[in-house]
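Numbering (UniProt numbering), first residue to last: 1 to 113.
Backbone N, C-alpha and C define an ideal beta-carbon position, used for all residues, glycine too.
What follows is a short report on a single structure.
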């Protein structure tokens, strides 16, 4: 049985911390995204392509892998990302609690006489 291999590009991840497991299988490359230029509006088509790539998370991957980062810088960035996510989750929970509706006491903690 002959094993067929596929070219996976020249981009490798020579870092201490991988971005995520299975990065090569995350997106079918150059296959599904085609943006048509209408009426010679290249800027509009380019903006649409950027929005599509941003919504899929490809721009974040490209920016993160564009330059080599030392392992301690990667650890620092991951730590900042995790702490920001924890802070945002906690703040969202608090805001949802404060703006909730149909509560028995309209102004909790306020003393009314």
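Range of the contiguous alpha helix (DSSP H) that encloses residue 47: On the chain shown, position 47 is the one that residue 47 refers to. First-last of the alpha helix (DSSP H) with residue 47: 42-56.
Residue 76 in three-state terms, based on DSSP: Residue mapping note: residue 76 aligns to position 76 of the chain shown, counting from 1. In the structure shown, residue 76 sits in a helix (DSSP, three-state: H, G or I).
Simplified DSSP assignment, three categories, for residue 63: The sequence position of residue 63 within the chain shown is 63, counting from 1. In this structure, residue 63 counts as helix in the three-state DSSP scheme.
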